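Engineer:
In my numbering, the protein residues as written are 1 to 158.
1. I need the DSSP call for residue 138, collapsed to helix, strand or coil.
2. Measure from the alpha carbon of residue 53 to the alpha carbon of each residue in 42, 32, 80, then state which is nearest.
3. Specify, as a first and last residue, the run of the beta strand (DSSP E) that residue 79 falls within.
4. Which of the three DSSP states is assigned to residue 29 in this structure?
5. Name the one or two DSSP bridge partners that residue 99 has.
6. Name the two residues that bound the continuous beta strand (DSSP E) containing residue 3.
7. Tell me whether residue 36 sits in a helix, a strand or coil according to DSSP, three-state version.
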């Protein structure tokens, strides 16, 4: 089993908003997750898609035997990054502080390696050169039922 990880750090978005999008793809096939992210109308979807594509590429790099079509988003989470303190002008010469939040996105994908068949690859049968199956045998006619004992007894007594 191959497990690959991708981490995108210091993404300029709220972790709370990113978690909403990440919950949509957790446990899905990687290709389904990418389609879901493309159709999601959230700003976080673009950064999460980039991170997911990076995780898929890392899985390919880790093992060339991995089947990319069978990769699954096994684990994913968003942690809070450092907050940037910013100041907004306020009335009467004052200033209001606000926080610009950042996020660290982590995505794990797992997949099975393609196992080679024992003895190499089995040769394929060519079309039209195989033996045809024998035709089915005709069904036997139903056997006659023996007459009941009472009818035989009546015929013997004339």
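Glycine residues also receive a C-beta, built at the ideal position from the N, C-alpha and C atoms.
None of these values were measured; they are calculated from a predicted model.
Structural biologist: Reading from the atomic positions:
1. Numbered from 1 along the chain shown, position 138 holds the residue referred to as residue 138. Residue state, collapsed to three classes: coil.
2. Taking the first residue of the chain shown as position 1, residue 53 is located at position 53. For residue 53, the nearest C-alpha among the options comes from 32.
3. The sequence position of residue 79 within the chain shown is 79, counting from 1. From DSSP, the beta strand (DSSP E) with residue 79 extends over 72-80.
4. Position 29 of the chain shown, counted from the first residue, corresponds to residue 29. Residue 29 falls in the strand class under three-state DSSP.
5. In the chain shown, the residue the question calls residue 99 occupies position 99. Residue 99 pairs with 85.
6. On the chain shown, residue 3 is found 3 positions in, with the first residue counted as 1. Per DSSP, the continuous beta strand (DSSP E) segment holding residue 3 begins and ends at 2-11.
7. Residue mapping note: residue 36 aligns to position 36 of the chain shown, counting from 1. In the structure shown, residue 36 sits in a helix (DSSP, three-state: H, G or I).
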